[in-house]
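Worksheet: the structure to be examined is printed underneath.
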């Protein structure tokens, strides 16, 4: 799998300042802003034709922009309803296939909710689903990083340790390290250089230096409450020490 050399900074979705918002116009605006990455948001559904994906791929390549994909929010690999699990798997696979056609480097998804399962049971269930998803994609000739995201809500499966355990030893799988979610999940405890550095050191210890050199990181402002994440905010509206994250 490809390893990206250097640091890439971009927005989650089309920049707000984009005239006539579209993925293509968003890429052009990213370039104008001096950024070099953009996350394609399939969060409400995978709606991009083959022709559109090809055009996005070509435009991003010409502008030197790294693309990633965020799969739909409507995913719960831990549902007790088999139909919902199958639909969730399909949403991840569809996101990966369309993202691959568009030239995306990785696809991020929210794994689901604990429900009545223990942490260990959740790890095994999500891990097995990730293996199956990757096998299906590789069999279809699709090679793209599959990245379960570290989550911010306490009812959501996805602590740092859990996500690392899910991907450990699986080809084409690595975590999406969301520092805003980590901050919210810890209810503000993880909010300095030392704590942020410990997260990266833990990932490196479990997954190797390759996982750090090949990191996919999310960072934003965020509000938290007793149950962790409440909502995302602009950085300047949040108490997350984002400068310390960048330093780490």
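In my numbering, the protein residues as written are 3 to 250.
Glycine residues also receive a C-beta, built at the ideal position from the N, C-alpha and C atoms.
Quantities reported herein were computed from a predicted structural model and do not represent experimental measurements.
| Check | Outcome |
| --- | --- |
| Using C-beta distances below 6 Å, list every residue in its chain close to residue 192, excluding the 5 sequence neighbours before and after it, in chain order. | 184, 185 |
| When the Cα atoms are used, what is the spatial distance from residue 136 to residue 33? | 32 Å |
| What whole-angstrom Cβ distance do residue 181 and residue 219 have, given they're in contact under 8 Å? | 7 Å |
| Do residue 2 and residue 115 have their C-beta atoms closer together than 7 Å? | The structure shown has nothing for residue 2, since the chain only spans 3 to 250. |
| Using a Cβ-Cβ cut-off of 7 Å (strictly less than) and excluding sequence neighbours within five positions of residue 249, which residues of its own chain qualify? | 195 |
| Taking the beta strand (DSSP E) that residue 100 belongs to, which residues open and close that run? | From DSSP, residue 100 is part of no beta strand (DSSP E) but of the alpha helix (DSSP H) over 84-103. |
| For residue 149, write down the residues that DSSP places opposite it in a beta bridge. | 110 |
| Using CA atoms only, rank isn't needed, just tell me which of 24, 146, 164 is closest to residue 154. | 164 |
| Three-state secondary structure (DSSP) at residue 12? | strand |
| Count the CB pairs spanning the region 58-69 and the region 23-42 that are closer than 8 Å, and state whether there are at least three. | yes |
| Do you know whose CA, among 36, 190, 78, lies nearest residue 119's CA? | 78 |
| According to DSSP, residue 233 sits in a beta bridge with which residue or residues? | 225 |
| Between residue 40 and residue 67, what straight-line distance do the alpha-carbon atoms span, to the nearest angstrom? | 7 Å |
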